[in-house]
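Numbering (the numbering used here), first residue to last: 13 to 247.
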């Protein structure tokens, strides 16, 4: 869904980027908590080296993204500079998706179906939760969700067996459903953002018109007063 033609493209994109950074802190905190819980839950069945390395990767990426967000808010970039900050955010999203998705390969327990389900639940929850923070740019959500969900989905299909194939099928259907939901959410958010920006432009136009009218009234009053004084002197 495209932005309204009445709203400048740069201003619209700047607001999109601001939305992405505004919601980043909560997303990083929630993701770190989920990663920690998943690590603890998988500790008895997965390699401690892999678990520790994966959790360290999640935390490192989260800290790097948080640092970028702090720089963004400190810089208060102009609208024409928003593309640079958008690209930085998208790069962070993609890296985060890759690290999260690696859990589907590195932490996959062949012997424990319940732990397989736990990993699927964690990754699916992250992909679903990311809709709220990333869907205003569908590309951003896809950059996170696809690398997060794809490795585990393929791993289920590769593992074989009725249960694994069913899990792979359900994850595929879940990703499709999430994509539809993300697109609908994107359209709703863009419509709301467009309306807000249009209202701001309208208020600015009305304020400017009011100021022009007040200025003209002042000029007119002064002109009438000058004419009255001139006519009085002529008498």
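Quick reminder that beta carbons are idealized off the backbone N, C-alpha and C, glycines included. Keep in mind the model is a prediction, meaning the values are calculated, not measured.
With distances taken Cα to Cα, identify the nearest neighbour of residue i among the options.
i	options	result
residue 57	116, 176 and 121	121
residue 86	125, 193, 65 and 34	34
residue 49	26, 180, 130 and 202	130
residue 93	187, 161 and 26	26
residue 39	185, 146 and 88	146
residue 73	54, 184, 89 and 41	41
residue 127	52, 204 and 206	52
residue 176	123, 95, 104 and 203	123
residue 105	160, 90 and 166	160
residue 115	188, 201 and 54	54
residue 99	132, 155 and 59	155
residue 75	101, 144 and 200	101
residue 158	194, 178, 170 and 95	194
residue 144	22, 32 and 23	32
residue 11	189, 37, 167 and 96	Summary: the structure shown does not reach residue 11, with the chain confined to residues 13 through 247, and so no result is reported for it.
residue 183	22, 95, 198 and 132	132
residue 22	95, 187 and 77	95
residue 203	186, 125, 189 and 148	148
residue 190	44, 164 and 153	153
residue 59	119, 97 and 78	119
residue 150	117, 207 and 201	201
residue 78	188, 187 and 43	43
residue 162	117, 46, 36 and 205	117
residue 125	97, 91, 172 and 90	172
At what residues does the alpha helix (DSSP H) containing residue i begin and finish?
i	result
residue 108	94–118
residue 144	125–146
residue 167	150–171
residue 57	Premise fails: residue 57 is in no alpha helix (DSSP H) and is neither H nor E.
Touch check for the stretch 64–82 and the stretch 135–152: three-plus C-beta pairs under 8 Å?
no
Any contact between the stretch 63–72 and the stretch 101–119? By contact I mean 3 or more CB pairs, one from each, below 8 Å.
yes
Ignoring anything shorter than 3 residues, give me the beta strand (DSSP E) runs that lie fully in the stretch 166–208, in order along the chain.
none
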